[in-house]
Structures are given as C-alpha cells and as structure tokens.
Amino acid sequence: MNIFDVLRAPKMSEKTLSLKEEANQFAFEVDKRSNKIQIKESIEKSFKVSVLKVRTMNVRGKKKSLGRYKGLKSSWKKAIVTLKEGDTIEYFEGA
C-alpha cells in the first residue's frame, strides 16, 4: 500500500481540538486495511514530524433514514496520533 493511500482525511471536532491542545494528539480517518506501522510512516513522511504513538479504532456506521427509506452510513477507521513535544501539523493550526 502506498503511503499516500493510507491517510484519507483529518478529523476535526471539539474533542479532537482539545486533544491537540492538551496532549499534542491529532485524529485522522485512515484506510481500513492499514496498520499502525503504515499510519506512522505515512504521517512522518507527509508532514515531516516524529510520531510517538498511534492508536486506532474501527468506527461503526450509523443508521440513517430518509422518509420511508432506511440505510446505513459506511464504517471507517480512525487513528489518533501522538506527536513528539514541539512538533505540530500545520493543517490543524488554522482551526
């Protein structure tokens, strides 16, 4: 798997912004098939930072309905990355 195929999108919410301020942690949506080593390499090469720890979780898709039609949103994988003290990702600085 290519390192640029691993990262899908950064996740920004109130909780992830508080993680950024308190513990220098950032959240990303990643490919379901990727593992922690691939995620670490991808973040280090893409943003030129040092990663200390990677935590992953599978997020189950939510049930949705539109009128009489019911469906399910897609499941996805989330990674919370802890960076070395002093390192930061500029994408999140604008938030």
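Residue numbers for the sequence shown follow this note's numbering, so the first one is 2 and each next one is one higher.
Built from N, CA and C at the ideal position, the CB exists for glycine as well.
In this text, all values refer to a predicted model and were calculated from it rather than measured experimentally.
- Beta-bridge annotation (DSSP): Leu84 is paired with Val52.
- Across the set Ser35, Lys64, Val52 and Met58, the C-alpha of Val52 shows the shortest separation from the C-alpha of Gly87.
- Just so you know, the alpha carbons of Lys64 and Val50 end up roughly 37 Å apart.
- Across the structure, Lys78 and Ser43 are spaced so that their CA atoms are roughly 15 Å apart.
- Comparing C-alpha distances from Met58 to each of Arg34, Leu67, Met13 and Gly68 shows the shortest one belongs to Arg34.
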